[in-house]
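In this note's numbering, the protein residues as written are 25 to 284.
1. Do residue 279 and residue 85 have their CB atoms nearer than 9 Å?
2. Exposed or buried, which one is residue 184 when buried takes at least 16 other CB atoms within 10 Å?
3. I believe residue 240 touches residue 96 by the beta-carbon criterion, under 8 Å. Please report the beta-carbon distance rounded to the nearest angstrom.
4. Nearest by alpha-carbon distance to residue 259: which of 219, 245 and 182 is it?
5. Give the DSSP-derived three-state secondary structure of residue 145 in the structure shown.
6. So, with DSSP's three-state summary, where would you put residue 269?
7. Just list the alpha helix (DSSP H) runs in the segment 181 to 234, keeping only unbroken ones of 4 residues or longer that don't cross its boundaries, in chain order.
8. Which term fits residue 168, buried or exposed, when burial requires 16 or more other beta carbons within 10 angstroms of its beta carbon?
9. In terms of DSSP beta bridges, what is residue 131 paired with?
10. Nearest by alpha-carbon distance to residue 163: which of 255, 38 and 129 is it?
11. Taking just the CA atoms, how far does residue 248 sit from residue 156?
12. Roughly how many angstroms lie between the CA atoms of residue 221 and residue 28, to the nearest whole one?
13. DSSP on residue 106, reduced to helix/strand/coil?
14. Does the beta-carbon of residue 146 have 16 or more other beta-carbons within 10 angstroms, so that it is buried, or is it exposed?
15. Look at residue 202 and residue 180 and say whether their C-beta atoms are less than 9 Å apart.
16. Buried or exposed for residue 41, going by 16 or more other Cβ atoms inside 10 Å?
17. Taking only three categories from DSSP, how would you classify residue 95?
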């Protein structure tokens, strides 16, 4: 089961239960793979879409159905977070990133907020990263370079994003909210998937790395940043241009599932 999970990053628990170990309960498979530090390695099951979410997705797609590829490429910046869990002690490191083509992109670690109840990562943690790396200044630079009056930051409108959304609006950042967990809207999810693929093929030994937590976190940070920088600039350009087809697919599906 572990070999299959490491070999194929698209492997799901259900696939292993059906094809690899049909005599073992799915719950047992999850527990055993978690023991081998592969809990966050496994592919997630397809997002469940109900009628309410389908309607919201359709309304969103209809609102932007007239945007051209050029508009998406010039006026949209994608953002999001990913948590990578590796190491013998299941050490996790959250990373946040945004891109407007590879020329204007950052992929950075997010650190826990010691003042929070559980001393974990919070909205303030993400704000601190954006503030430290002067995202507002980068935003203004992109607008000036493009000669656009309005550039949009694509952001998932989940509750966890509310603090960072308020902070961004305070500095005049124009947000374009996408439906909760609609990964076919948020292109940065494709970047996360690509990086995860590179992890599974080129750095699989990291999942059993030993050592202090800080050392493992640093290794995760360096590896994910390295893979981000390896991405072909064409990947970013192609993804941005794909928004037109993605929106058409959502409309055709009445807001339900698409191939994206």
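Virtual Cβ for every residue (Gly too), placed ideally from N, Cα, C.
This is what the structure gives:
1. Numbered from 1 along the chain shown, position 255 holds the residue referred to as residue 279. Numbered from 1 along the chain shown, position 61 holds the residue referred to as residue 85. Yes, these two residues count as a Cβ contact at 9 Å.
2. Translated into the one-based positions of the chain shown, residue 184 becomes position 160. In summary, residue 184 is exposed, with fewer than 16 beta-carbon neighbours lying within 10 Å of its beta-carbon over all protein chains present.
3. Within the chain shown, numbered from 1, the residue matching residue 240 stands at position 216. Within the chain shown, numbered from 1, the residue matching residue 96 stands at position 72. So it is not a contact: roughly 37 Å between Cβ atoms.
4. If you number the chain shown from 1, residue 259 lands on position 235. Per the Cα distances, 219.
5. Start at 1 with the first residue of the chain shown, and residue 145 comes out as number 121. Residue 145: coil per DSSP, three-state reduction.
6. Working through the chain shown from its first residue, we reach residue 269 at position 245. In this structure, residue 269 counts as helix in the three-state DSSP scheme.
7. You should have 186 to 194 and 212 to 226.
8. Working through the chain shown from its first residue, we reach residue 168 at position 144. Taking every protein chain shown into account, the CB of residue 168 has fewer than 16 other CB atoms within 10 angstroms, so this residue is exposed.
9. Here residue 131 refers to the residue found at position 107 of the chain shown. Bridge partners of residue 131: 121.
10. For the purposes of this step, residue 163 is taken as the residue at position 139 of the chain shown. Taking only the C-alpha atoms, the option nearest residue 163 is 129.
11. As a first step, residue 156 must be located in the chain shown, where it is residue number 132. As a first step, residue 248 must be located in the chain shown, where it is residue number 224. Per the coordinates, the alpha-carbon of residue 156 lies some 20 Å from the alpha-carbon of residue 248.
12. In the chain shown, the residue the question calls residue 221 occupies position 197. In the chain shown, the residue the question calls residue 28 occupies position 4. As the crow flies, the alpha-carbon of residue 221 is around 14 Å from that of residue 28.
13. Indexing the chain shown from 1 puts residue 106 at position 82. In the structure shown, the three-state DSSP call for residue 106 is strand.
14. Position 122 of the chain shown, counting from 1, holds the residue named residue 146. So residue 146 ends up on the buried side.
15. Here residue 202 refers to the residue found at position 178 when the chain shown is read from its first residue. Here residue 180 refers to the residue found at position 156 when the chain shown is read from its first residue. With contacts defined by Cβ atoms closer than 9 Å, residue 202 and residue 180 form a contacting pair.
16. Along the chain shown, one-based indexing puts residue 41 at 17. Burial state of residue 41 is buried, judged by a 10 Å Cβ sphere holding 16 or more other Cβ atoms.
17. Within the chain shown, the letter at position 71 stands for residue 95. Residue 95: helix per DSSP, three-state reduction.
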